[in-house]
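Q: Quick one: the structure is below, and I'll ask about it shortly.
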Amino acid sequence: MNTLKRILVTGGAGLIGSHLCGQLLDKGHDVICMDNFFTSQKRDIAKLLDYHNFELIRHDITQPARLEVDEIYNLACPASPVHYQFNPVQTLQTSIAGAMNMLGIAKRTRAKILQASTSEVYGDPDISPQPESYRGRVNPIGPRACYDEGKRCAETLFFDYHRMHGVDIRVVRIFNTYGPGQHPYDGRVVSNFILQALNNEDITIYGDGSQTRSFCYVDDLVEAMIRMMNNTENFTGPVNLGNPDEFTIKQLAEIIIELTGSSSKLVYGPLPADDPTQRRPDISLAKEKLQWQPATNLREGLTKTIEYFKGLNLDHYSRPTLNQVQ
Ligand code: NAD
Ligand code: UDP
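What follows is the structure in structure tokens.
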């Protein structure tokens with residue numbers, strides 16, 4: 201039986217999407233990457249252009265598209281707070297209108313569709329670790345709401361298309377993920393700290409650095425996403441995907457200084473509004489249903505990511521928005 205599939209990856213030029221496309225191409229699938237290059241550049245997927253089974257479409261998923269595919273991974277959405285807050289209405293459109301457009305393709309072609317949801321659906325959680333049953337503590341009118349509520353609404357749309365139209369859905373809630381391929385002006389904490397450390401500049405900690413995050417290496421995450429898409433139990437999720445090892449932001453800064461041998465100093469600035477104080481996934485469900493757990497610890501993952509950033513020529517990158525890193 202031919203098991204090769206036609207797979208659409210929206211947001212396929214971004215950090216997670218580019219690694220996902222790479223792994224799917226290596227398995228021999230026909231991969232269509234759809235991206236509007238808001239937070240990525242063609243340079244980020246230059247290697248993928250050499251594959252005969254790779255196709256690139258510049259398209260904004262808020263606009264309808266007509267394609268015939270077997271599977272859809274819906275990743276298109278800016279993920280960094282500085283960029284998703286740049287045009288909050290477009291961020292909501294991407295999560296909501298974009299999800300409806302992709303679910304429409306899935307309904308018409310009977311494709312299986314996976315949604316890249318997020319730990320942000322839990323908001324600023326008052327329990328730790330966060331299991332899938334936790335319903336969250338999101339401020340619906342704050343500056344992060346365009347992302348958090350957009351992603352929550354996308355989950356609602358996925359489950360309503362599933363119940364109403366029988367669409368075969370998969371929903372994964374991704375916790376902070378990092379790795380090579382991250383845009384240098386992405387604005388998220390790992391890329392900011394690494395670039396600052398490599399340049400011996402001050403490391404900008406927002407708040408007192410006691411807030412926690414749990415960082416997952418991108419290859420581990422992509423493996424889990426593919427397992428989720430391929431699970432044969434019709435397990436829809438939502439399922440948490442992330443690394444349960446929890447670190448304070450100050451600890452992260454100290455580890456990056458140590459691994460880069462940097463002379464950077466820590467400086468403290470204001471904490472952005474609604475910045476979650478803690479995030480740590482309960483991954484029992486992923487272990488049980490997908491037989492998955494992350495294999496890469498933070499130091500190993502950071503070491504590979506630092507090597508990547510060392511080799512970057514920043515002249516080749518432009519800033520996605522005017523929302524600058526502090
Ligand atoms: P990223 O910003 O690197 O990639 C997102 C990609 O989507 C970019 O290539 C961007 O150009 C594209 N895009 C944005 N809006 C689009 C639109 N309207 N139409 C077409 N393309 C569009 O982010 P990432 O870290 O790779 O995240 C990928 C997905 O995973 C996102 O949906 C994000 O919300 C989700 N996620 C990521 C993390 C993380 O820590 N990396 C955590 C939780 C959820
Ligand atoms: N952060 C920081 N300095 C930076 C960038 C981020 O201290 O230069 C903090 C941010 O306030 C948050 C954490 O690091 O507490 C993770 O931020 P990021 O933007 O990577 O993602 P988030 O998990 O907030 O969506």
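Residue numbers (the working numbering): 201 to 526.
Don't be surprised by glycine CBs; every beta carbon is placed ideally from N, CA and C.
1. Can you grab the Cα-Cα spacing for the pair residue 463 / residue 286, in whole Å?
2. Under 8 Å between the Cβ atoms of residue 372 and residue 300?
3. When DSSP labels each residue in this structure, what does residue 409 get in the three-state scheme?
4. Pull the bridge partners of residue 206 from the DSSP assignment, please.
5. Just to confirm, does residue 237 get its C-beta within under 7 Å of one of the non-hydrogen atoms of the ligand NAD?
6. Any idea if residue 335 is buried or exposed, counting beta-carbon neighbours within 10 angstroms, 16 or more meaning buried?
7. Three-state secondary structure (DSSP) at residue 385?
8. How many Å lie between residue 211 and residue 277 at the Cα?
9. With which residues is residue 467 paired in a DSSP beta bridge?
10. Might you give, ordered along the chain, the residues of its own chain that have their beta carbon closer than 6 Å to the beta carbon of residue 344, omitting 5 neighbours on each side?
11. Let me check understanding here. Comparing Cα to Cα, which of 504, 506 and 383 lies closest to residue 514?
12. Relative to the C-alpha of residue 502, which residue among 369, 466, 472 and 452 is closest?
13. Specify, as a first and last residue, the run of the beta strand (DSSP E) that residue 440 falls within.
14. Please report how far the alpha carbon of residue 214 lies from the alpha carbon of residue 238, in whole angstroms.
15. Shortest alpha-carbon distance to residue 508 belongs to which of 321, 478 and 381?
16. For residue 312, which beta-bridge partners are listed by DSSP?
17. Starting from residue 427, trace the alpha helix (DSSP H) both ways and give me its first and last residue.
18. Return yes when the C-beta of residue 413 is under 7 Å from any heavy atom of the ligand UDP, and no when it is not.
19. Compute the beta-carbon to beta-carbon distance between residue 517 and residue 241, rounded to the nearest angstrom, for a pair I have assumed lies under 8 Å.
20. For residue 434 and residue 492, I'd like the C-alpha separation in whole angstroms.
21. Ordered along the chain, which non-local residues of its own chain (more than five positions away) have a Cβ less than 6 Å from that of residue 521?
22. Using 10 angstroms around the beta-carbon of residue 318, count the other beta-carbons present and answer buried if the total reaches 16, otherwise exposed.
23. Could you round the C-beta distance between residue 443 and residue 414 to whole angstroms and report it? I think they count as a contact, below 8 Å.
24. Got a sec: does the ligand NAD put a non-hydrogen atom nearer than 7 Å to the Cβ of residue 483?
25. Could you name the residues of the same chain whose beta carbon sits closer than 7 Å to that of residue 519, not counting the 5 residues immediately before and after it, in chain order?
26. For residue 481, list the residues DSSP reports as bridge partners.
27. Among residues of its own chain, excluding the 5 on either side of residue 293, which ones have a beta-carbon nearer than 7 Å to its beta-carbon?
28. Report all residues from its chain with a CB closer than 7 Å to the CB of residue 412; omit the five preceding and five following residues, and keep chain order.
29. How many Å lie between residue 175 and residue 310 at the Cα?
30. Tell me whether residue 250, by its Cβ, gets closer than 7 Å to a heavy atom of the ligand NAD.
31. For residue 280, which residues of its own chain have a beta-carbon under 6 Å away from its beta-carbon, when the five flanking residues on both sides are left out?
A: Inspection of the coordinates gives the following:
1. 32 Å
2. no
3. coil
4. 230
5. yes
6. exposed
7. coil
8. 7 Å
9. 404
10. 474
11. 383
12. 452
13. 439-441
14. 9 Å
15. 381
16. 271
17. 418-430
18. yes
19. 7 Å
20. 17 Å
21. 283 and 286
22. buried
23. 5 Å
24. no
25. 385
26. 330
27. 262
28. 446, 447, 448, 478, 479 and 480
29. The chain is shown from 201 up to 526; residue 175 falls before or after that span and cannot be answered.
30. no
31. 386, 387 and 388
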